[in-house]
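Shown next, in structure tokens, is the structure this report addresses.
4 protein chains.
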Amino acid sequence: MSLRQKKIAKKKEDILRTAVSILAEKGYQGTTMEEIASSLLMTKGSVYYYFKDKQDLLYQSQLMLLQQSLINIKTIQQENLPVVDRFKKAMVAHITYLLDEKSGFEMMVKLEQIFSTEQLEEIFQLRNDYEKCFDQLILEGINDEVFETVEITIVRNTILGAMNWVTQWYSPEGKKDATEIAETVSDYLSRILVIK
Amino acid sequence: MSLRQKKIAKKKEDILRTAVSILAEKGYQGTTMEEIASSLLMTKGSVYYYFKDKQDLLYQSQLMLLQQSLINIKTIQQENLPVVDRFKKAMVAHITYLLDEKSGFEMMVKLEQIFSTEQLEEIFQLRNDYEKCFDQLILEGINDEVFETVEITIVRNTILGAMNWVTQWYSPEGKKDATEIAETVSDYLSRILVIK
Amino acid sequence: MSLRQKKIAKKKEDILRTAVSILAEKGYQGTTMEEIASSLLMTKGSVYYYFKDKQDLLYQSQLMLLQQSLINIKTIQQENLPVVDRFKKAMVAHITYLLDEKSGFEMMVKLEQIFSTEQLEEIFQLRNDYEKCFDQLILEGINDEVFETVEITIVRNTILGAMNWVTQWYSPEGKKDATEIAETVSDYLSRILVIK
Amino acid sequence: MSLRQKKIAKKKEDILRTAVSILAEKGYQGTTMEEIASSLLMTKGSVYYYFKDKQDLLYQSQLMLLQQSLINIKTIQQENLPVVDRFKKAMVAHITYLLDEKSGFEMMVKLEQIFSTEQLEEIFQLRNDYEKCFDQLILEGINDEVFETVEITIVRNTILGAMNWVTQWYSPEGKKDATEIAETVSDYLSRILVIK
DNA sequence: TATGAATGAGTGTTCATTCAT
DNA sequence: CATGAATGAACACTCATTCAT
């Protein structure tokens, strides 16, 4: 990758990071391009130089989030640790990633309404891959007889929901910082699965 | 209340019910007054007869949701049942209420950005009351030594999050209907607290 | 048609008339909605109340022009006059209509680039019908042996071109008024066909 | 002219040729600098090296068209041929030139709106010169008693209109090629003038 | 009460143009 | 000479809101 391409990639990522946090805070429709641009001390026109349109910005930020999350969880899954520890680590990673990026997995809009079929497929594929990793860990735990036998999909959705919602109530001003909150919540959620 | 007033109240409630589900689906900014009106076979002008503006519609729908939820949980709290059962009943009620009304507690917008201070206070008060009910149940459970000793706020937020997120993944086409999902999720969430 | 509908139809026609002349003068891309609106002492928003979008405005104005032209020529065609006279009358009508409406048949844009397939079909159908009327008159003249035997399509296109171009050079400040110009040009163009 | 200057002149002409055909097809407002540049495998910036701005591009392409047309007609005018033949040759040259360059004399915009007074004067001067050549031929024909006595300006405008319009209906897929169409149309237009 | 019509502020997007490298 | 990046003014279009009837 040439220097120029690197510069572009860097700029794109800068924009995406900012977009992610604003979009997560105000939602897709509630966020203006102007807002995103001026947060970056850019003009609207410049943002359009890097991204085709607003939808493209949302799409690529979703991809970025999901791809990074997927890398995170896959890395953890391969570590040489008991399944219980890996599961907890995956939860902590999920929560801290969301809190650090000030992002949300739901951009507050029905994705179907703004994405093309191919885009939706890509997104759903990644989301699915991610969920499968969690399912895999749960299944492993059940087979190892350290987790209760449960309906995997429902439990996974429940746990993901609890984690995704953390962005709604976590306050940096509180007693615990992001990592501590992540640890605590993960501990509590573990109890749904772990056999005592 | 005169007949006329009753008629008006009825109409208002009709509008609110529709508004709630559309707002929950598309978010505050993503929903147009036109959309709400035409869903009710009304014209925009008529909706404005009953509600001052869009924000008022959101405000009152939030109030309705919260007030009803509060009534639900208070009723349950006073029932003559073991705390574990009351807690589970409260969770089931919470989830089924959300799924039935096709609503969401978060209207996909930072409330601070659209509500006035007084309105925010009212909303937060109700939300707080509602959370306190849950906290109260949890505390009771701990005192009765049927629940683990936990950080109540965090556990409550975690559980509420898991429940609120159900609207994101529940599909009426799935194997379980709304009530069954609510029961199942509640069972799993109970494990966070219940001493085994 | 109710009074209300009549009012709407009237307003739509007003807008179309203005749009036609501005679009003809400045071309599709060179005309702004703002311009059209303010020519009518309206706001942009109002124009959008009557027409879906700019393209719709162009489409409907083309339809109006073509439909009226078609009525004009069909009326003339049925008059009980020698074919030479009817042909000349048709030419005069064509030119004066364009000059009166300050319009042009070509809105200075490749129609294919802005219209949908169905819209294009409708336009081309009408255009074709109109051309067929001219062709019919020419054919009649040939059969009556008052017109030379010619390649009908090419002659018709040549004559239509000469007439359509009049809007480019006619000036109301000149010696002749619109009708006189139309008469004169038609006389000259007749010479292409009439046997002497 | 140095080699460098020649290279620049060559490049300018390349750009103008491309610009002419795109501008003729899409109109001034409908054509983007990007489009012109990328048709030439250049970047926008490069085009700006050769031409001050978009208007300059249009201006110079008009000049080029008119100057070439003027040369064409003047050459023909001086040929040692009967006026009827020279007139027809002029028409054929006019039409084939337009069709070959895929150009149009009207760039679909009121010239007054984009050109400066001096530029307009230059353009009008050339246009006038060109028209005068036609007028001259017509006058000659009248004096030679091979053309009917006509109102020269009107006839010339009518004929020019018919010729300019050919670009609107000529299709390379048709039975006749550009030259044949030009010949045919010229023959028909001759009949307006030639005494039989 | 209800509504059709109008409004205007705001938003996404385009594009001619500039300029540092 | 060439270009990539940035800019900002302009424009199409939307939509909450108002108001006369």
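Protein chains in written order, with the numbering used here: chain H, 1 to 196; chain E, 1001 to 1196; chain Z, 2001 to 2196; chain W, 3001 to 3196. Each residue gets a CB set at the ideal place from its N, CA and C atoms; glycine is no exception. The structure displayed is predicted, hence computed values, not measured ones.
Requested in this report: Answer yes or no: do D2135(Z) and I2123(Z) have a C-beta to C-beta separation smaller than 9 Å?
Outcome: no
Query raised in the report: If we ignore side chains and look at the alpha-carbon of each, how far apart do V1109(E) and V20(H) end up?
Result: Cα-Cα distance, rounded: 15 Å.
Report task. For S1069(E), count neighbouring Cβ atoms within 10 angstroms of its own Cβ and tell me buried if that reaches 16, exposed if not. Result -> buried
Query raised in the report: Does the beta-carbon distance from A178(H) to G1161(E) come in below 9 Å?
Result: no
Requested in this report: Measure from the C-beta of A182(H) to each C-beta in chain E and report whether the shortest distance is under 9 Å.
Outcome: Interface criterion not met: the Cβ of A182(H) is under 9 Å from no Cβ in chain E.
Query raised in the report: Within 9 Å (strictly less), CB to CB, does N2128(Z) reach chain W?
Result: no
Query raised in the report: Per DSSP, F2147(Z) forms a beta bridge with which residues?
Result: V2194(Z)
Query raised in the report: In chain W, which residues lie with their C-beta within 8 Å of the C-beta of A2162(Z)?
Result: T3158, I3159, G3161, A3162 and W3165
Query raised in the report: Of all Cβ atoms in chain Z, is any one closer than 9 Å to the Cβ of K3132(W)?
Result: Not one chain Z Cβ lies under 9 Å of K3132(W).
Query - Separation of L1189(E) from L1120(E), as counted between CA atoms - result: Rounded to whole angstroms, the gap between the alpha carbons of L1120(E) and L1189(E) is 30 Å.
Query raised in the report: Taking all protein chains shown into account, do 16 or more other C-beta atoms lie within 10 angstroms of the C-beta of K2089(Z), making it buried, or fewer, making it exposed?
Result: buried
**Report entry** the segment 3097 to 3106 of chain W contacting the segment 3155 to 3175 of chain W, beta-carbon criterion three pairs below 8 Å
**Finding:** yes
Query - D1053(E) in three-state terms, based on DSSP - result: coil
**Report entry** Within chain W, the residues that Y2059(Z) reaches when beta carbons sit closer than 8 Å
**Finding:** The premise fails here: Y2059(Z) is roughly 17 Å from chain W at the closest Cβ pair, so nothing lies under 8 Å.
Query raised in the report: Three-state secondary structure (DSSP) at G3141(W)?
Result: helix
**Report entry** Test item: CB-CB of G3030(W) and Q2067(Z) under 9 Å
**Finding:** The answer is no: Cβ separation not under 9 Å.
Query raised in the report: Is W169(H) helix, strand or coil by DSSP?
Result: The answer is helix: DSSP assigns W169(H) an H, G or I state.
Query raised in the report: How about I1123(E): is its C-beta nearer than 9 Å to some C-beta of chain H?
Result: no
Requested in this report: Hey, could you find the ends of the alpha helix (DSSP H) Y3097(W) is sitting in?
Outcome: V3083 to D3100
Requested in this report: Please check the pair I73(H) and C133(H), which I expect to be a contact at CB under 8 Å, by giving their CB distance rounded to whole angstroms.
Outcome: 5 Å
Requested in this report: Quick one: give me the first and last residue of the alpha helix (DSSP H) that G1161(E) is part of.
Outcome: I1152 to N1164
Report task. Could you give the DSSP three-state label for V1185(E): helix, strand or coil? Result -> helix
Query raised in the report: So, G1104(E) versus A1037(E), is the Cβ gap smaller than 9 Å?
Result: no
Report task. Please decide whether K52(H) counts as near chain E, where near means a Cβ-Cβ distance under 9 Å. Result -> no
**Report entry** Proximity below 9 Å, CB of K1012(E) to CB of M1033(E)
**Finding:** no
Query raised in the report: From L2041(Z) to L3057(W), what distance separates their C-alpha atoms?
Result: 36 Å
Report task. Would you please verify whether the beta carbon of I3036(W) is less than 9 Å from any beta carbon of chain Z? Result -> For I3036(W), the nearest beta carbon of chain Z is not closer than 9 Å to its own beta carbon.
Query raised in the report: Shorter than 9 Å from the beta carbon of E1106(E) to some beta carbon of chain H?
Result: yes
Report task. Taking M33(H) as part of the alpha helix (DSSP H), name the residues at either end of that continuous run. Result -> M33 to S39
Query raised in the report: Are L2016(Z) and S2046(Z) close, meaning C-beta to C-beta below 9 Å?
Result: no
**Report entry** C-alpha gap between N157(H) and K10(H), whole angstroms
**Finding:** Going from the Cα of N157(H) to the Cα of K10(H) covers about 34 Å.
Query - Proximity winner among A182(H), L139(H) and S39(H), relative to V194(H) (alpha-carbon distances) - result: L139(H)
Report task. Pick helix, strand or coil for F2115(Z), following the three-state DSSP scheme. Result -> coil
Query raised in the report: Going along the chain, which residues of its own chain have a beta-carbon closer than 6 Å to the beta-carbon of I3181(W), five neighbours each way excluded?
Result: Y3170
Query - Closer than 7 Å at the beta carbon, the chain Z residues around G3027(W) - result: G2027, Q2029, M2108 and V2109, listed in chain order.
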